[in-house]
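Below is one structure, written out as structure tokens; comments come after it.
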Amino acid sequence: MQRVVFVGAESTGKSTLSEHLAHAYDTVAVPEIGRFIWEEKQGKLGPDDYVEIAVRHRAAEDAAMAQARRWLFVDTNALTTLLLGMEFRQVGDPPPAELLRCAGECRARYAHTFVCADDIPYEEQDVRENEAWRGRIQRLVLKDLDARRIPYTVVHGSVEERASQVRRVLDGVV
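So this is what it looks like as structure tokens:
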């Protein structure tokens, strides 16, 4: 079993794509745990909340591995959690050690990292910022992956086009 992670700014189709591929590969997907905690606390998070998000997300991944077949599709990771915590100024400098540890392990944790491009229409939601924010976060995600030397593939287009791009990469891995 190998983990495949989808990262990118909000409203870039990570959830939709991970669920779509889980269905296509007859396996499971792990949703973005941070979204549930963010909504529960109405966006009022502190450093300990971001640690909880990272730890609970990793635990959800680990638990899902028992049901996964070949691939486990994961919606976001601790790197994005760290990045958003810092951008929302809810995580200080330096960030909590446990959050840094979880983020630091992302390079080796996933067989492949896919970045969902921000080329799809922005979907407004009460818990989201705006389209300009999405573009800013998207640039930061790419910059962070490059700085950490984490290989990634950017996927573009519709869900079906993105899924086809992912399938070409994953089928080439085996």
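Position one of the sequence shown corresponds to residue -1 (our numbering), numbered consecutively onward.
Heads up, the beta-carbon is just placed ideally off N, CA and C, and yes, glycines get one too.
- Alpha-carbon spacing of Leu143 relative to Thr78, whole angstroms: In the sequence shown, counting from the first residue as 1, residue 143 sits at position 145. In the sequence shown, counting from the first residue as 1, residue 78 sits at position 80. Answer to the nearest angstrom: the Cα atoms are 10 Å apart.
- Item | Ranges of the beta strand (DSSP E) found wholly within the segment 37 to 86, counting only runs of at least 3 | 69 to 73
- Query: Opposite His110 in the DSSP bridges: which residues?
  - Reply: Position 112 of the sequence shown, counted from the first residue, corresponds to residue 110. BP columns for His110 point to Val2.
- Task: Find the nearest neighbour of Asp60 within the set Val2, Phe34, Ser156, judged by alpha-carbon distance.
- Result: Against the sequence shown, residue 60 aligns to sequence position 62. Minimum Cα distance to Asp60 is reached at Val2.
- Rounded to whole angstroms, what's the CA-CA distance from Val152 to Val139? Just pull it up for me. Position 154 of the sequence shown, counted from the first residue, corresponds to residue 152. Position 141 of the sequence shown, counted from the first residue, corresponds to residue 139. In a straight line, the C-alpha of Val152 is about 11 Å away from that of Val139.
- Message: Rounded to the nearest angstrom, what separates Glu50 and Ala95 at their Cα positions?
- Response: Residue numbering aside, residue 50 sits at position 52 when the sequence shown is read from its first letter. Residue numbering aside, residue 95 sits at position 97 when the sequence shown is read from its first letter. Approximately 12 Å, taken between the alpha carbons.
- Task: Evaluate the contact criterion for the segment 94 to 110 versus the segment 145 to 161: three or more CB pairs, one atom per stretch, below 8 Å.
- Result: yes
- Query: Under a three-way DSSP split, which group does Val125 fall into?
  - Reply: Numbered from 1 along the sequence shown, position 127 holds the residue referred to as residue 125. The predicted model places Val125 with a pLDDT of 49, which falls under 50 and marks its position as unreliable; any figure quoted below should be read in that light. In this structure, Val125 counts as coil in the three-state DSSP scheme.
- Query: Quick one: Cα of Glu158 to Cα of Cys100, how far?
  - Reply: Here residue 158 refers to the residue found at position 160 when the sequence shown is read from its first residue. Here residue 100 refers to the residue found at position 102 when the sequence shown is read from its first residue. Rounded to whole angstroms, Glu158 to Cys100 spans 31 Å at the Cα level.
- Item | Through-space distance from Arg54 to Gln65, alpha-carbon basis | Here residue 65 refers to the residue found at position 67 of the sequence shown. Here residue 54 refers to the residue found at position 56 of the sequence shown. If I take the Cα positions, the gap works out to 18 Å.
- Query: Taking the DSSP output, what are the residues bridged to Val28?
  - Reply: Taking the first residue of the sequence shown as 1, we reach residue 28 at position 30. According to DSSP, Val28 bridges with Val72.
- Message: Considering only DSSP beta bridges, list what Thr151 is partnered with.
- Response: Residue numbering aside, residue 151 sits at position 153 when the sequence shown is read from its first letter. Thr151 is bridged to Phe112.
- Message: One question on the structure: do Val164 and Val5 come within less than 9 Å of each other, judged by their Cβ atoms?
- Response: By one-based count along the sequence shown, residue 164 stands at place 166. By one-based count along the sequence shown, residue 5 stands at place 7. Cβ distance not < 9 Å, so Val164 and Val5 don't count as in contact.
- Item | Rounded separation between Lys39 and Glu8 - CA only | As a working mapping, residue 39 is identified with position 41 in the sequence shown. As a working mapping, residue 8 is identified with position 10 in the sequence shown. Roughly 18 Å separates the two Cα atoms.
- Query: Looking at C-alpha atoms only, which residue of His110, Ala109, Ala130, Thr111 is the closest neighbour of Asp117?
  - Reply: Looking up residue 117 in the sequence shown gives position 119. When only C-alpha atoms are compared, the closest one is Ala130.
- Between Val167 and the rest of its own chain, which residues show a CB-CB distance below 7 Å, the 5 nearest in sequence each way excluded? The sequence position of residue 167 within the sequence shown is 169, counting from 1. Cβ neighbours of Val167 beyond the five flanking positions: His110, Thr151.
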